[in-house]
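Under our numbering, residues 127 to 345 are what the sequence shown spells out, in order. Built from N, CA and C at the ideal position, the CB exists for glycine as well.
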Amino acid sequence: MTKQRYIKRVGRALECAPAKKREILRQLDSDIGIALGEGRELRQILEEMGTPRALAGEFNESLDREERRRARRRKWGLRIVCILGALLAVLAVAAGTVYWMLPKERNIEDSKVFDAAQVQSRAEEVIALFSAEEYETLEGYASEELREALARTSFSVIRGYIGEDWGELQSMGRIYMVEIRERNKAYAAVQVNVSYENVNVTFTLSFNRQMELYGFYVR
127 MTKQRYIKRV GRALECAPAK KREILRQLDS DIGIALGEGR ELRQILEEMG TPRALAGEFN
187 ESLDREERRR ARRRKWGLRI VCILGALLAV LAVAAGTVYW MLPKERNIED SKVFDAAQVQ
247 SRAEEVIALF SAEEYETLEG YASEELREAL ARTSFSVIRG YIGEDWGELQ SMGRIYMVEI
307 RERNKAYAAV QVNVSYENVN VTFTLSFNRQ MELYGFYVR
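Structure follows, in structure tokens:
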């Protein structure tokens, strides 16, 4: 399947106003383009994202209730995908939306490479810096691959896909961690739901062996 056909099929499954639909599809196109720019194959990228309908269904659950109600009145009868945050850069080998569905996973507690407490602490630091909009400091945590990706976007742009006014950080949910091995490389993958005054955000992060931030995805 080509990139444009995949995006078109996602568009058919959106349940939102036309303007919002265009915004989502532009972001999805950008996300795939970034991953391609990192040298990844389109087939692998689309497999990790899942089928267009499955991807739309996943994000449909987080769709604003009023938006869905308006969409039903317009009888679009479709679903919405909010690729909020630039899969950006880093769908990066095993860090994307479906990272725990990838092969060769293991519980972080059983890892011989990563220390669970260190991974959790680093994830909390990254989220705190991003929440405080201390992007320059946060970029110092990034791997070379992520910095190259950020040259085509930025943390502030990523934040804007969620909304302009998040409000203060209120609470952080349970942190889920796994080790992922792919092509003889090991990554620590983290997912956590974070509540702010005005939005709820799911962070998906990954770290390499050097505990550098390798993948960064929000929705």
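Roughly how many angstroms lie between the CA atoms of residue i and residue j, to the nearest whole one?
i    : j    : result
S353 : A275 : With the chain covering 127 to 345 only, the question about residue 353 has no answer from this structure.
A243 : E235 : 9 Å
Q317 : P144 : 31 Å
G299 : R138 : 33 Å
R309 : S321 : 35 Å
E174 : S247 : 27 Å
Q130 : T330 : 25 Å
R273 : M337 : 15 Å
For the candidate residues the options, whose alpha-carbon lies nearest to that of residue i?
i    : options                : result
Y132 : I171, I288, E308, E141 : I171
K146 : E294, G289, I160       : G289
T279 : Y261, Q317, D291       : Y261
I306 : E265, K230, R135       : K230
I284 : A277, Y343, G299       : Y343
S237 : M303, A180, L295       : M303
Mind checking whether residue i and residue j have CB atoms under 8 Å apart?
i    : j    : result
A315 : S297 : no
A118 : L140 : There is simply no residue 118 to check, as the chain begins at 127 and stops at 345 in what is shown.
W293 : N326 : With the sequence shown as reference, residue 293 is identified as Gly, and Trp is not the correct amino acid for it. Result no, Cβ atoms of G293 and N326 do not sit closer than 8 Å.
V245 : Y267 : no
May I ask you to report which of helix, strand or coil DSSP gives residue i?
i    : result
A139 : coil
Q317 : strand
G341 : strand
E149 : helix
E305 : strand
- prompt: Which ranges would you report for the beta strand (DSSP E) in the region 222-303 if only whole runs of at least 3 residues count?
  reply: You should have 231-233, 295-298.
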